[in-house]
Amino acid sequence: MGQGARATILTPALCRAARGLLDWTQTDLAERAAVSRSTIRDYEGRHHDIHRATEAQLRLAFEEGGVRFVEIEGAGTGLCLPDQPG
Numbered sequence: 001m002g003q004g005a006r007a008t009i010l011t012p013a014l015c016r017a018a019r020g021l022l023d024w025t026q027t028d029l030a031e032r033a034a035v036s037r038s039t040i041r042d043y044e045g046r047h048h049d050i051h052r053a054t055e056a057q058l059r060l061a062f063e064e065g066g067v068r069f070v071e072i073e074g075a076g077t078g079l080c081l082p083d084q085p086g
């Protein structure tokens with residue numbers, strides 16, 4: 001993967017939105033990303049920042065769940081969940 005391939009910062013709002021697209025609870029995300037639920041709760045509640053490695057784990061879990069992060073020029077980052085076959 002080249003430099004800048006994951007330049008999107010996973011903000012607390014994007015984290016909540018991605019969970020919403022997948023209909024995941026904080027516990028669901030914690031299990032899939034191998035992080036504690038309290039880390040997710042505190043991050044989404046803006047109580048503290050997360051480490052880059054934790055951000056990468058969360059983003060990977062979302063991507064494996066089917067969420068796509070889309071950069072929209074002039075607007076920032078959006079999320080989409082492409083139609084799943086079946």
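Position one of the sequence shown corresponds to residue 1 (the UniProt record's numbering), numbered consecutively onward. Beta carbons: idealized from backbone N, C-alpha and C, even for Gly.
Alpha-carbon spacing of R46 relative to L21, whole angstroms: Here the question's residue 46 lines up with position 46 in the sequence shown. Here the question's residue 21 lines up with position 21 in the sequence shown. Each residue's Cα considered, the two are about 20 Å apart.
Burial state of A18 (16 or more Cβ within 10 Å): In the sequence shown, counting from the first residue as 1, residue 18 sits at position 18. The residue is buried, with at least 16 neighbouring Cβ atoms inside 10 Å.
Exposed or buried, which one is R59 when buried takes at least 16 other CB atoms within 10 Å? Taking the first residue of the sequence shown as 1, we reach residue 59 at position 59. Looking at its Cβ environment, which holds 16 or more other Cβ atoms inside 10 Å, R59 is buried.
In whole angstroms, what is the alpha-carbon distance linking V70 and A53? Counted from its first residue, the sequence shown places residue 70 at position 70. Counted from its first residue, the sequence shown places residue 53 at position 53. When rounded, the distance between both Cα atoms is 21 Å.
Extent of the continuous alpha helix (DSSP H) to which T27 belongs: The residue given as residue 27 occupies position 27 in the sequence shown. 26-33 is the span of the alpha helix (DSSP H), which, as asked, contains T27.
Check for me: the alpha helix (DSSP H) holding R16 runs from which residue to which? Within the sequence shown, the letter at position 16 stands for residue 16. Segment 12-22, the alpha helix (DSSP H) holding R16.
From T77, G78, S38, F62, pick the residue whose C-alpha is nearest to that of R32; which is it? Residue 32 sits at position 32 when you count from the first residue of the sequence shown. Residue F62 is the option with its Cα nearest to R32.
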